[in-house]
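Quick note, the sequence shown lines up with residues 76 to 499 if you use this note's numbering. The C-beta atom is built at its ideal place from N, Cα and C for all residues, glycine as well.
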Amino acid sequence: MSGKIQAVRGMNDVLPEEAHLWEFFEDTVREWLRVYGYRSLRTPILEKTDLFVRSIGAATDIVEKEMYTFTDELNGESLTLRPEATAACVRAVIEHNLLYAGPQRLWYWGPMFRHERPQKGRYRQFHQVGVEALGLPGPDIDAEHLVMCARLWRLLGLRGVTLEVNTLGSAEARARYRTRLVQYLERHEERLDADSKRRLRANPLRVLDSKNPALAELIAQAPKLADDLDERSMKAFDELQSLLREAGIDFSINARLVRGLDYYNGAVYEWVCDRLGAQNAVCAGGRYDGLIEQIGAKPAPACGFAMGIERLLVLIKEEVQVTARVPDVYLLRQGDRAERYGARVAELLRDAGLAVVLHCGGGSFKAQMKKADASGARFAVIVGDDEAGAEVVSVKPLREVGEQLRASVRDAVAIITNRASSDS
Ligand code: ATP
Ligand code: MG
76 MSGKIQAVRG MNDVLPEEAH LWEFFEDTVR EWLRVYGYRS LRTPILEKTD
126 LFVRSIGAAT DIVEKEMYTF TDELNGESLT LRPEATAACV RAVIEHNLLY
176 AGPQRLWYWG PMFRHERPQK GRYRQFHQVG VEALGLPGPD IDAEHLVMCA
226 RLWRLLGLRG VTLEVNTLGS AEARARYRTR LVQYLERHEE RLDADSKRRL
276 RANPLRVLDS KNPALAELIA QAPKLADDLD ERSMKAFDEL QSLLREAGID
326 FSINARLVRG LDYYNGAVYE WVCDRLGAQN AVCAGGRYDG LIEQIGAKPA
376 PACGFAMGIE RLLVLIKEEV QVTARVPDVY LLRQGDRAER YGARVAELLR
426 DAGLAVVLHC GGGSFKAQMK KADASGARFA VIVGDDEAGA EVVSVKPLRE
476 VGEQLRASVR DAVAIITNRA SSDS
């Protein structure tokens with residue numbers, strides 16, 4: 076066999092030129108989670124298929140057609156690459172009895188896998204950062220999550236990310252509503268598209284989520300979930316709204332927001348941005364008070380959200396000036412003795428906290444200087460046998476006019492750090 080092997084369709088490489096955007100995002104997120112007191116939980120990328128079927132729901136897009144599932148040849152077990160991480164977090168929390176110690180505020184980060192049609196903003200491997208709070212009934216914690224998100228958009232420098240909220244009520248309220256909705260949709264079945272007809276049987280609330288403009292009117296006139304809501308959910312939803320107003324967070328109520336996963340109840344929300352086109356949701360979440368019991372443990376309230384990193388990075392790239400990281404120093408060395416001495420100097424500079432690219436592979440000083448220029452480094456540190464003999468270095472600023480100076484390693488550090496810090 077010959078020919079180039081390419082990446083799997085819908086799964087992307089992040090090249091070094093893009094890496095600084097990811098790093099900016101990751102650094103911001105880590106600091107953001109720290110100030111809210113969330114701790115990280117890392118779960119495997121593979122889980123037993125049954126975990127997702129039981130939690131996400133058999134009649135959802137994800138479980139019906141988007142999961143990467145295979146049989147482990149060794150024991151016949153069905154395994155699935157995680158399409159999302161809430162189920163895995165809950166599984167881990169139960170398995171390790173974490174709720175025993177009290178409510179848990181957790182976060183995770185990593186790749187998720189869904190067999191979708193690849194398009195702008197929709198990939199087969201994509202990345203999420205998610206937050207889960209287990210053991211807290213809300214709505215105070217739901218408000219915390221939304222305030223958190225709003226802070227993250229500010230920290231990232233993003234504008235135009237808006238919040239839509241809804242409440243799905245209790246499981247009983249939803250069941251009552253489901254009956255009414257199915258009756259209504261059945262009366263108008265001839266107007267439904269194929270997708271909605273399928274959903275009508277399997278997961279009727281999802282019909283409300285249809286993006287087909289031909290169905291807009293039918294959906295607008297459908298019975299409202301709000302009319303079936305239970306007292307408790309209504310009160311919690313009112314309270315959440317007043318907490319959001321007090322926190323100065325703008326939102327709109329979207330009665331058609333139902334979320335694609337079965338495990339949601341109570342408050343649900345999405346953060347959207349118009350500039351993203353059809354795939355406009357950057358973050359989604361809500362309460363899932365029934366999930367812990369559904370996975371086989373003592374019932375406990377829970378809520379959380381997940382954000383799609385690729386979609387956020389599109390916005391960051393457009394709106395935020397993120398400078399690529401460059402080394403402080405490119406170290407040039409030529410000559411036997413100088414090569415050894417130069418390697419030692421590089422380590423000393425790194426001891427002082429400087430980012431140093433040590434030239435490898437030989438070549439003339441002229442050729443090395445070209446590489447130093449291309450590296451973006453702020454300074455060249457040059458070591459020939461001459462410098463090696465005197466145990467000094469030559470320092471040359473690369474991004475501003477300035478003379479090449481001879482200095483001890485210690486003075487070189489002073490020169491570089493002074494200028495490096497007054498630069499930034
Ligand atoms: P959508 O309606 O776009 O399919 P979803 O309801 O399936 O979204 P969630 O499961 O709520 O999405 O995931 C949370 C976030 O993860 C989404 O808001 C989105 O930003 C991101 N996301 C989901 N699926 C993908 C994908 N295939 N590619 C890239 N990002 C995704
Ligand atoms: Mg989806």
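Close-in-space but distant-in-sequence residues of the same chain around residue i (CB under 6 Å, 5 per side omitted)
i: Gly85; result: Pro193, Tyr198, Arg199
i: Leu126; result: Ala162, Arg166
i: Ser499; result: The predicted model places Ser499 with a pLDDT of 40, which falls under 50 and marks its position as unreliable; any figure quoted below should be read in that light. Around Ser499: no qualifying Cβ.
i: Tyr338; result: Ser130, Tyr363, Leu366
i: Ile294; result: Leu283
i: Ala322; result: Val222
i: Leu300; result: Tyr252
i: Gly244; result: Leu304, Asp305, Ser308
i: Glu314; result: Pro214
i: Ser271; result: Val282, Ser285
i: Phe99; result: Val397
i: Asp147; result: Leu154
i: Ala248; result: Asp303, Leu304, Asp305
i: Met142; result: Thr155, Pro158
Residue i burial status per 10 Å Cβ neighbour count (16 or more: buried)
i: Phe145; result: exposed
i: Gln296; result: exposed
i: Val138; result: buried
i: Asn278; result: buried
i: Tyr175; result: exposed
i: Val468; result: buried
i: Asn172; result: exposed
i: Val168; result: buried
i: Gly151; result: exposed
i: Gln203; result: buried
i: Cys348; result: buried
i: Cys358; result: buried
i: Thr135; result: buried
i: Asn340; result: buried
i: Asp411; result: exposed
i: Gly78; result: exposed
i: His434; result: buried
i: Ala413; result: buried
i: Gly205; result: buried
i: Glu475; result: exposed
i: Asp403; result: buried
i: Glu159; result: buried
i: Val110; result: exposed
i: Gly112; result: exposed
i: Ala449; result: exposed
i: Val89; result: exposed
i: Gly361; result: buried
Spatial neighbours of residue i in its chain, beta-carbon cut-off 7 Å, leaving aside the 5 residues before and after
i: Phe328; result: A small correction: the amino acid at residue 328 is Ile; Phe does not occupy that position in the sequence shown. Counting only Cβ-Cβ distances below 7 Å, and skipping sequence neighbours, we find Val240, Asn241.
i: Cys164; result: Leu116, Thr118, Leu181, Tyr183, Glu207
i: Ala482; result: Val467, Val468, Val470, Ile490
i: Leu423; result: Val484
Contacts around residue i, its chain only, beta-carbon distance under 8 Å, and the 5 residues preceding and following it disregarded
i: Ser497; result: In this prediction, Ser497 scores a pLDDT of 45, lower than 50, which makes its location untrustworthy; no coordinate-derived value is stated.
i: Glu261; result: Leu275
i: Ile370; result: Leu126, Arg129, Ser130, Ala162, Val165, Arg166, Ile169
i: Gly383; result: Gly196, Phe201, His202, Gln203, Ala356, Val357, Cys358
i: Gln479; result: Ile457, Ser469, Val470, Lys471
i: Gly451; result: Ala399, Val401, Pro402
DSSP beta-bridge partners of residue i
i: Arg408; result: Val458
i: Ser327; result: Glu239
i: Ala463; result: In the DSSP output, where bridge partners are listed per residue, Ala463 has none listed.
i: Phe201; result: Met187
i: Glu139; result: Looking at the DSSP assignment, Glu139 forms no beta bridge with any residue, so it has no partner.
i: Ala121; result: What sits at residue 121 in the sequence shown is Leu, not Ala. The partner list for Leu121 (beta bridge, DSSP) reads Leu156.
i: Val470; result: Val456, Leu480
i: Leu433; result: Leu406
i: Met223; result: DSSP, once it has assigned bridges, lists no residue as partnering Met223.
i: Gln179; result: Leu209
i: Gly196; result: Note: Gly196 sits in no beta bridge, so no partner.
i: Arg114; result: Leu181
i: Phe380; result: Val206, Gly360
i: Thr146; result: Ser153
Contact test: residue i Cβ vs the ligand PLP heavy atom, cutoff 8 Å
i: Leu424; result: As presented, the structure is devoid of the ligand PLP, carrying the ligand ATP and the ligand MG as its sole ligands.
(request) Please go through the stretch 237-300 and give each complete beta strand (DSSP E) segment of 3 or more residues, from N-terminal end onward. (result) Listed in chain order, they are 237-242.
(request) Starting from the N-terminal side, write out each stretch of the beta strand (DSSP E) that is 3 residues or longer and does not extend beyond the stretch 330-372. (result) Here the runs fully enclosed are 340-347, 356-362.
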